[in-house]
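So the protein sequences, as listed, match chains A and B.
Counting with our numbering, you get residues 1 to 477 for the letters of the first sequence.
Counting with our numbering, you get residues 1001 to 1477 for the letters of the second sequence.
Comments concern the structure below.
There are 2 protein chains.
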Amino acid sequence: MEKKMVEQITSMDVDFAKWYTDVVIKSELIDYSSVRGCLILRPYGYAIWENIQKELDAKFKELGHENVAMPMFIPESLLQKEKDHVEGFAPEVAWVTHGGSEKLQERLCVRPTSETLFCEHYANVVQSWRDLPKLYNQWVSVVRWEKTTRPFLRHREFYWQEGHTIHATVEEAMQETLQMLDVYADFCENYLAMPVIKGQKTDKEKFAGAEKTYTIEAMMHDGKALQSGTSHYFGDGFARAFEIQFTDKDNQLKHPFQTSWGMSTRLIGGIIMTHGDDNGLVLPPRIAPIQAVVVPIAMHKPGVREKAEELTAALKAAGIRVKVDVSDNSPGWKFSEYEMKGVPVRVELGPKDIEAGQCVLVRRDNREKIAVKLENVAEEIKRVMDELQAALFNRALENRTARTYAAKDLDEMKAITAEKSGFVKAMWCGDEECELKIKEEAGLSSRCIPYEQEAVGEVCACCGKPAKHMVYWGVAY
Amino acid sequence: MEKKMVEQITSMDVDFAKWYTDVVIKSELIDYSSVRGCLILRPYGYAIWENIQKELDAKFKELGHENVAMPMFIPESLLQKEKDHVEGFAPEVAWVTHGGSEKLQERLCVRPTSETLFCEHYANVVQSWRDLPKLYNQWVSVVRWEKTTRPFLRHREFYWQEGHTIHATVEEAMQETLQMLDVYADFCENYLAMPVIKGQKTDKEKFAGAEKTYTIEAMMHDGKALQSGTSHYFGDGFARAFEIQFTDKDNQLKHPFQTSWGMSTRLIGGIIMTHGDDNGLVLPPRIAPIQAVVVPIAMHKPGVREKAEELTAALKAAGIRVKVDVSDNSPGWKFSEYEMKGVPVRVELGPKDIEAGQCVLVRRDNREKIAVKLENVAEEIKRVMDELQAALFNRALENRTARTYAAKDLDEMKAITAEKSGFVKAMWCGDEECELKIKEEAGLSSRCIPYEQEAVGEVCACCGKPAKHMVYWGVAY
Chain A
1 MEKKMVEQIT SMDVDFAKWY TDVVIKSELI DYSSVRGCLI LRPYGYAIWE
51 NIQKELDAKF KELGHENVAM PMFIPESLLQ KEKDHVEGFA PEVAWVTHGG
101 SEKLQERLCV RPTSETLFCE HYANVVQSWR DLPKLYNQWV SVVRWEKTTR
151 PFLRHREFYW QEGHTIHATV EEAMQETLQM LDVYADFCEN YLAMPVIKGQ
201 KTDKEKFAGA EKTYTIEAMM HDGKALQSGT SHYFGDGFAR AFEIQFTDKD
251 NQLKHPFQTS WGMSTRLIGG IIMTHGDDNG LVLPPRIAPI QAVVVPIAMH
301 KPGVREKAEE LTAALKAAGI RVKVDVSDNS PGWKFSEYEM KGVPVRVELG
351 PKDIEAGQCV LVRRDNREKI AVKLENVAEE IKRVMDELQA ALFNRALENR
401 TARTYAAKDL DEMKAITAEK SGFVKAMWCG DEECELKIKE EAGLSSRCIP
451 YEQEAVGEVC ACCGKPAKHM VYWGVAY
Chain B
1001 MEKKMVEQIT SMDVDFAKWY TDVVIKSELI DYSSVRGCLI LRPYGYAIWE
1051 NIQKELDAKF KELGHENVAM PMFIPESLLQ KEKDHVEGFA PEVAWVTHGG
1101 SEKLQERLCV RPTSETLFCE HYANVVQSWR DLPKLYNQWV SVVRWEKTTR
1151 PFLRHREFYW QEGHTIHATV EEAMQETLQM LDVYADFCEN YLAMPVIKGQ
1201 KTDKEKFAGA EKTYTIEAMM HDGKALQSGT SHYFGDGFAR AFEIQFTDKD
1251 NQLKHPFQTS WGMSTRLIGG IIMTHGDDNG LVLPPRIAPI QAVVVPIAMH
1301 KPGVREKAEE LTAALKAAGI RVKVDVSDNS PGWKFSEYEM KGVPVRVELG
1351 PKDIEAGQCV LVRRDNREKI AVKLENVAEE IKRVMDELQA ALFNRALENR
1401 TARTYAAKDL DEMKAITAEK SGFVKAMWCG DEECELKIKE EAGLSSRCIP
1451 YEQEAVGEVC ACCGKPAKHM VYWGVAY
């Protein structure tokens, strides 16, 4: 009995949202649990996250960061110490009120983010300039009791890393904030093949408690924006609220300066919506759990299975993450299955191939077939993977370019969004009132004030007063 | 201004408990948070955990296990599905009752362990014999609202891995249960240098919901026992309670068989209490975050610092986890600091050494000094580390041998425990009544029924009836 054929998924042009859900479920990335919004990362989904963790963690450590683990619980009084922060997060936290059968004296929230916990710890361990900087990171899950949830993009519990650093000077802290945004941008572009726009959030969109928030914004295949990573500069606001002080070299007691920065499992949603197609996932080779799958053809013929396994062992030894499927499912089933799973390269090997001393590589994105000599397979797969990695990035960049519009005024913004989906570049005076009006009338939120400014006009697209910044506007996940 | 000298810690012979707390705090493994029993793993403590994770995770994967991530919340009704399980855990869970400002319709507990969540998922994804086995693991923290807590040994929130597997047959599931206990034992002995006794728990001491629990028991320096890892065989009890069924090859609908197994951050407590001394931590080289520290002597002299840094780079290139301390603290301060931190090998390098083309290695446990030629340092350090690793294991084994006693009856057991601390081997009839009486009168709990049986008598030490097993009894952390 063969496993049933891979079911058809909804076409992305018919219903992008449905296509997305079909893909995350049928490629076995995720399963639902009985708690709404708390999802199960299945082995294939978690393996992508492990690859993301491995690369980022190595980079963080290379830059001098150390991993720690803070508690998952924050006492209510601790959460309340920084005013803006508690206002931003208290409405959406999960509260623990009982331990066993006893009511707690003070209720505890499950961390929605851990600034307050790090601050409490800093107050204990930072006394002198010699104790600075502390460059910390942790890999944990956090909880935000969202009303609307969506696989990878918005969970009530999601996995992330949160970096938290504390410095003696403003300059050092700012430098860290910007450095980590660069690390995020490089990672998205080089590993996930997701082009991003680096910029600063407006005050309205910045993190609760931050002085400045920097962001990388990616565009999904459907033209919507995905905030993919943020890096926050806190100044000494938290240090003052938590009474963190250090004796500086000049023997003066001072408040230190802080940052935090995070990326999460929503990146996996980003990968899916940037690169996927109607056959399922398309994974960038650098992050794919399985980079190549060997599918034996006519496996019942003598020597085929053995040759396929031998080839697999050779590819593994060459450093390729490879799998061979010797199950009794048909080759056709296997083709669909690994296309659904977004495996970058399929390696077909049948009796005629073996006779000719070759095999056939099939590239996931364009299904290009290449016959290669068996002695060259490993290097050919690597070459195909490099090409695929670059092609995915370029295709995403082309999509973004094609879907990025410029508008001079609110009418133009409305006209664009009525017909199209994408980024709208428009000038802004800096007033929150105009930002709110653009949101209300054109349905666009400010994505960021990009580093790369460009004068698409001279006055604010909303009020006509002198413009301060060019802003990317969009509809965000 | 130099950092203050490393403070004296309490001697372990004076007060072992106080010595332990001094070590975990002063070697900067842990800090307290404002939630009692929820501790902060500082960089040095977390780095040990990362090394433990790295080794175990590789071993799990080599044996075919895959990592997943289950939610941290369990609805009350889900926790209640398996009767023994809920009775064991419900009294000590933390309950979430509110999300934001709204009261939840059903309260959720923070996982104390995740059998129920895995079962719910299995019921979704296991239909046919082709879906079996599932060999899963996750690295997470869990919460148990304990009344008494102690760094590493008993936290309200602690870090662990929990393996969960599901199989088509009893034999496969039992084989997995025993295999994982062997993995744990090998890891403890070969990496942590902690000798362990493998055995089975009595029914009284087994995991809530398990048919059989296997354990590895280590002896700490003070003679007390540390349960260091457990592996559980569930039979089909959970599968029946959660209605997990699969169609077998014979087309019959059957219940599958399950296991779970876990090791936690309490292992770090085990390392401390097995190997530590009055100068602080002593870390087994295979798990030490810093395997060697280079301390320049007379660092102000020309060329010393440069030579120390050059040596450090060479050691790093040779695969040694090495650090150089070029701070302006005195060599004496550095010696104490890295002894406190349990760094296996200190490398002293001063002007005279440089002149003689040598440096001095100091082994952490016995402070043995060895002058070695600079061209041989890397291999000499590796040799010293191997010797240290073996010496730690042997010393711990000698301690256990010296502190293991045999007793024929309850009076002998009481006489031993009145004067000594250690394991007592005694025969047991298998009745829980005798187990309870031994606990009450001699203060000893059953640690395990060891694989390696030995007839220290013919009748139960408690009731005099025919004995079924030889049991290790002890006082446990």
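Glycine is no exception: its CB is placed at the ideal position from the N, C-alpha and C atoms.
Looking at chain B, which residues of the region 144–161 of chain A have a Cβ within less than 7 Å of any of its Cβ atoms?
TRP145, GLU157 and TYR159
task: Closer than 8 Å by C-beta to LEU253/A: which residues in its own chain qualify, once you throw out the five before and the five after it? Chain order, please.
output: GLN245, PHE246 and THR247
query = Does the beta carbon of SER11/A sit closer than 8 Å to a beta carbon anywhere in chain B?
reply = no
May I ask you to verify whether the region 27–45 of chain A touches the region 1009–1017 of chain B, counting CB pairs closer than 8 Å and requiring at least 3?
no
My assumption, with CB atoms under 8 Å, is that GLY229/A sits in contact with PRO450/A. Please give the rounded CB distance. Not really, about 15 Å apart at Cβ, beyond 8 Å.
### Query
Are the C-beta atoms of GLU1120/B and some chain A residue less than 8 Å apart?
yes
Do VAL1143/B and ALA1193/B have their C-beta atoms within less than 8 Å of each other? no
Q.
Which residue marks the beginning of the beta strand (DSSP E) containing THR31/A, and which one marks its end?
A. Residue identity differs from the one stated: residue 31/A is Asp in this sequence, not Thr. Here the beta strand (DSSP E) through ASP31/A covers 30–32.
Practice problem: For the beta strand (DSSP E) containing LYS1134/B, list its first residue and its last residue. | Solution: 1134–1143
message = Is there a Cβ of chain B sitting closer than 8 Å to that of TRP473/A, yes or no?
response = no
Mapping the DSSP letters down to three states, classify HIS255/A as helix, strand or coil.
coil
Exercise for review: Determine the closest residue to HIS167/A out of ARG150/A, VAL471/A, ALA208/A and ALA123/A, with distance taken between C-alpha atoms.
Suggested key: ALA123/A
Could you compute how far the alpha carbon of LEU132/A sits from the alpha carbon of PRO1302/B? 28 Å
Margin query: What does DSSP give as the partner residue(s) for CYS434/A in the beta ladder?
Written below: Beta-bridge pairing links CYS434/A to no other residue.
*LYS3/A by DSSP, collapsed to three states: which one?*
Confidence in LYS3/A is poor, its pLDDT being 48 and thus under 50, which makes the residue's placement unreliable; the coordinate value appears in the next sentence. Residue state, collapsed to three classes: coil.
Interface partners of PRO1091/B on chain E, CB under 9 Å: Checking the listed chains, one finds no chain E in this structure; the protein chains it contains are A and B.
Discussion item. Does the distance between the C-beta of SER1034/B and the nearest non-hydrogen atom of the ligand GDP fall short of 7 Å?
Written reply: This structure lacks the ligand GDP, and indeed carries no ligand of any kind.
| task | Would you be able to state if there are at least three C-beta pairs under 8 Å between the region 1080–1087 of chain B and the region 1051–1061 of chain B? | result | no
* Is SER1264/B buried or exposed, if buried means 16 or more other CB atoms sit within 10 Å of its CB? -> buried
For PRO1296/B, report the span of its beta strand (DSSP E) as first-last. 1292–1296
message: Taking the alpha carbon of PHE1234/B as the reference point, which residue from ALA1208/B, MET1219/B and HIS1221/B has its own alpha carbon closest?
response: ALA1208/B
*Beta-carbon contacts of VAL459/A that lie in its chain and below 7 Å, excluding the five residues immediately before and after*: MET427, LYS465, PRO466 and ALA467
- Item | C-beta contact flag for VAL1183/B and GLN1138/B at 8 Å | no
Q.
Between LEU226/A, HIS155/A, ASP31/A and GLY100/A, which has its C-alpha nearest GLY422/A's C-alpha?
A. LEU226/A
Report task. Establish whether the CB of LEU181/A and some CB of chain B are separated by less than 8 Å. Result -> no
query: Which partner residues does ASP277/A have in the DSSP bridge list?
result: GLY280/A
Going by the DSSP bridge assignment, what does ILE1040/B pair with across the sheet?
ASP1031/B
query: What residue range is occupied by the uninterrupted alpha helix (DSSP H) comprising PRO1071/B?
result: Looking at the DSSP string, PRO1071/B is not in any alpha helix (DSSP H), and its letter there is neither H nor E.
Check: Sorted by chain position, which residues of the same chain lie with C-beta nearer than 7 Å to GLU1189/B's C-beta, five sequence neighbours on each side aside?
Finding: PRO1195, VAL1196 and PHE1393
task: Using a Cβ cut-off of 8 Å (strictly closer), state whether GLU1066/B contacts chain A.
output: yes
Discussion item. Can you give me the C-alpha to C-alpha distance between PHE1016/B and LEU1181/B, rounded to a whole angstrom?
Written reply: 29 Å
query: Listing by chain order, which chain A residues have their CB less than 8 Å from the CB of MET1263/B?
result: Within 8 Å Cβ-Cβ: nothing; MET1263/B doesn't reach chain A, min ~16 Å.
Item to check | Cβ contact check for the region 1281–1291 of chain B and the region 1314–1325 of chain B: 3 or more pairs under 8 Å | outcome: yes
(request) Please work out which residues of its chain come closer than 7 Å, Cβ to Cβ, to ALA1442/B, disregarding the five sequence neighbours upstream and downstream, and give them in chain order. (result) LEU1410, MET1413, LYS1414 and THR1417
- prompt: So, is the C-beta of VAL1023/B closer than 8 Å to a C-beta in chain A?
  reply: no
Span of the beta strand (DSSP E) holding CYS448/A?
-> 445–450
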